Amino acid sequence: MSALQTLRAVSSGLNDTQEQVSAGLRVKVASDNVAYWSISTNMRSDNKSISAASDALGVGAAKVDTAYAGTGAIIDVLTDVKATLVTAREDSVDKAQIQNQISQLSKQADSIVRSSSFSGINYLQTYSGDHINNINELDDVVVDSFTRNADGATTINTSKVDLRKTSMLNDFGGGILQKDDLDYYMPLGGMTTSSFYHEGHEDHYFDGPITFSGSDSVQFDLLIDNSPESAGMPFHITIDKGVIDAALGTNDGEIDNVFQLRSVIQQAFTNVGANAYADVYGTQATSPADAYNYEIRTLETSPNVGSSIFISGITSTFGPTVAERTLGLDSVPRIDHDNMITSSSMNFLWSFKVMLDATISFDLSIDNAPLQTFVIDRTAVDAALGTTDGRITSGADLKAIVDYIVPGFEGLAVSVSGNRLTFQADQAIYPGYGNKAVDFYISSFRPDPPFTLRFDLSEIDVTTDDFTIDEYLEGVEYMLSQSIDSGAMLGSVQQRIEMQTAFSQKMMDEVESGVSRLVDTDMEEASMRLQAFQTQKQLALQSLQIANSQPQNILSLFN
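And the structure:
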């Protein structure tokens, strides 16, 4: 009985080992090892899912690769269009021939877009049902991975490709090769800034000589530092023989040249006290060595808020035939600056609308304060104008909006003349002109979106005056820039898919290896056990034979 039991046990072990060797698995069914079987079954299932995700990645890669190739071809076409437009700037070229080249290139671009399709999916030709500017989301989904979290839940992960950035032609417009929504076009003139400021002055021409008799005189009214904020200081100036002789130390009443005239006028200023506030030695535009011109300037020493020189009421006892009868005071000044202050101006070009997601921004600094940025949006426009459509129709409208958004920033004065707006420091808060003026800076107004494409690639026509060549060039350059950005985005998606594909393959290899360690048979160890069981079986059979034929001999074996 014992020999039979031994044979059965050995035969069972031999059968198990033979099955492990033949199947290559030491855990084939749950009864072999419940824990290992459960883990390996889940992991094999996951591996199949990862493999399916990897296959889906291949499909996504093909779609992206096709779009990338098409985008690269479009970039080449746009580069050729740009070069052709540059040629069109020459007056001697045949515009009709140039237009024919551009039309052919446009047709080529259209063909490239329509051909860039994989399995019915075309990233370059979209059908959004609306202008792309009005679409918040237009995506294609690419499967990129399969994961199982710590709780055992599984997830299929995807990546989105933003087709708003890849679309070249869209059914309702807005693709890279198509015009933007023209409601977004905000035509704002450039800002012109005058930052050159100094004391008020004006110059006059004198080519002497002239001789005054005892009865001759030249008189005029001098108004110093008059401004919109101050009346200025008035003086009546008289130049006669006595003034001339006192200034020059002579007794003949003769003024030979402009150098002597400067001394004479300065003496006349001194006689009435004007010399404390003005002189005739200005050098902003007139060199002290100038032999024909003299410059009268304010010294900016008066208590008035102003920096100006105004000459009026010129009278002379000399007849009209006498050269230099007014000492040049009635000559047209080469330079004449009064109440100079830093200011900036811009033109309001024509009516436009600020869309709900559009803005206009500008930077402002007064008296060297930190630069501050202000933003005009749809809400500000409607609040300032009492409207609901966001439309700005005039320079006066734009001034009202600027005044509305800067109430907490004291010191900005905005004026409008026709459709020209002027910005400067408010004299009520920062009084001073000329050298007493505060520093002032305002940037150009920046629309966002910063550029609005106003024509399709297919609408370019250099034989008409719809747009200038420079405007066409600007638009094509914009298309080219957008295409390059699209290509860069597609390239990054390509790279991500390639990395994820490589990672998925590595994951499958690692899962396969891990499962193998759990359930695969150690063939070397199993072979040794198989030989051992085979030997044991032979011994067990011999024992059973002996037990059956010679029981006494068997008993003797155990004594």
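Residue numbers (this note's numbering): 1 to 559. No residue lacks a Cβ here, since even glycine has one placed at the ideal position from N, Cα and C. Everything numeric in this text was worked out from a predicted model, so none of it was measured.
field: Residues near ARG615 in its chain [Cβ-Cβ closer than 6 Å; skip 5 each side]
entry: There is no way to answer for residue 615, as the model of the chain reaches only from 1 to 559.
query: So is ASN368 buried or exposed if we call it buried at 16+ other beta carbons inside 10 Å?
result: exposed
message: Would the segment 398-413 count as touching the segment 277-285 if we require 3 or more Cβ pairs under 8 Å?
response: no
task: State the DSSP-derived secondary structure class of LYS160, mapped to helix, strand or coil.
output: strand
message: Please classify ILE429 as buried or exposed, where buried requires at least 16 neighbouring CB atoms within 10 angstroms.
response: exposed
- prompt: Where does ARG89 land, buried or exposed, given buried means 16+ other C-beta within 10 angstroms?
  reply: exposed
- prompt: Hey, is the segment 110-121 in contact with the segment 156-163, meaning 3+ C-beta pairs nearer than 8 Å?
  reply: no
For PHE451, the first and last residue of its enclosing alpha helix (DSSP H): It is not in any alpha helix (DSSP H) - PHE451 carries neither H nor E in the DSSP assignment.
query: Roughly how far, in whole angstroms, is the beta-carbon of LEU412 from the beta-carbon of ILE341, given that I think they are within contact range, below 8 Å?
result: In fact, because the Cβ distance is near 13 Å, the residues do not count as touching under 8 Å.
task: Report the residue from SER316, ASP403, TYR184 whose alpha carbon sits nearest the alpha carbon of ASP221.
output: SER316
task: Rounded to whole angstroms, what's the CA-CA distance from SER115 to GLY60? Just pull it up for me.
output: 17 Å
task: Could you check which residue in SER308, VAL218, SER394 has the C-alpha nearest to that of TYR197?
output: SER308
- prompt: Which ranges does the alpha helix (DSSP H) cover as unbroken runs of at least 4 residues, wholly within the segment 226-314, from first to last along the chain?
  reply: 241-248, 258-272
query: Any idea if SER22 is buried or exposed, counting beta-carbon neighbours within 10 angstroms, 16 or more meaning buried?
result: Here SER22 scores only 48 on pLDDT, less than 50, and its place in the model is too uncertain to base an answer on.
- request: Using beta-carbon positions only, say whether LEU138 and LEU163 come within less than 7 Å of one another.
  value: yes
message: Between the segment 339-355 and the segment 438-447, can you find at least three pairs of beta-carbon atoms closer than 8 Å?
response: yes
message: Helix, strand or coil, according to DSSP, for LEU124 in the structure here?
response: coil
query: Just how far apart, CA to CA, sit ASP240 and TYR433?
result: 34 Å
query: Helix, strand or coil: which one does DSSP assign to MET523?
result: At MET523 the pLDDT is 48, less than 50, meaning the model places this residue with poor confidence and gives no usable figure here.
task: For ALA358, collect the residues of the same chain with a Cβ closer than 8 Å to its Cβ; drop the 5 residues on either side in sequence, then sort them by chain order.
output: TYR184, MET186, ASP377, ARG378, PRO447, ASP448, PRO449
message: Please state the DSSP three-state secondary structure of SER415.
response: strand
- request: Could you check if GLU199 is buried or exposed, using at least 16 other CB atoms within 10 Å of its CB as the buried criterion?
  value: buried
query: Expressed to the nearest angstrom, what Euclidean distance is found between the alpha-carbon atoms of ASP80 and GLN125?
result: 21 Å
message: Suppose the cutoff is 7 Å on Cβ atoms and the five residues either side in sequence are ignored; what does the same chain contact list for ALA396 look like?
response: VAL416
Chain-order list of residues whose beta-carbon lies under 6 Å from that of THR452 (same chain, five-residue window excluded): ASP180, TYR184, TYR185
- request: Give, in chain order, every unbroken run of the beta strand (DSSP E) that is at least 3 residues long and sits entirely within the segment 88-126.
  value: none
message: One question on the structure: do THR84 and SER486 come within less than 7 Å of each other, judged by their Cβ atoms?
response: no
- request: Within its chain, find whatever has a CB closer than 7 Å to the CB of PHE423; leave out the 5 residues flanking it on each side and keep chain order.
  value: SER343, SER344, LEU412, VAL414, ILE442
message: Rounding to the nearest angstrom, what Cα-Cα distance links GLY173 and THR387 in this structure?
response: 29 Å
Proximity below 7 Å, CB of LEU223 to CB of MET479: no
query: Does the distance from the CB of GLN99 to the CB of THR463 come in under 7 Å?
result: yes
query: Which one or two residues does DSSP pair with ALA425 in a beta bridge?
result: LEU412
field: Presumed contact (8 Å Cβ cut-off) between TYR294 and ASP225, rounded CB distance
entry: The pair is not a contact, with the Cβ atoms about 20 Å apart (cut-off 8 Å).
- prompt: Are VAL381 and ILE401 close, meaning C-beta to C-beta below 7 Å?
  reply: yes
message: Between VAL264, TYR281, ARG420, which has its C-alpha nearest GLY189's C-alpha?
response: ARG420
field: 7 Å Cβ cutoff met for THR211 and GLU254
entry: yes
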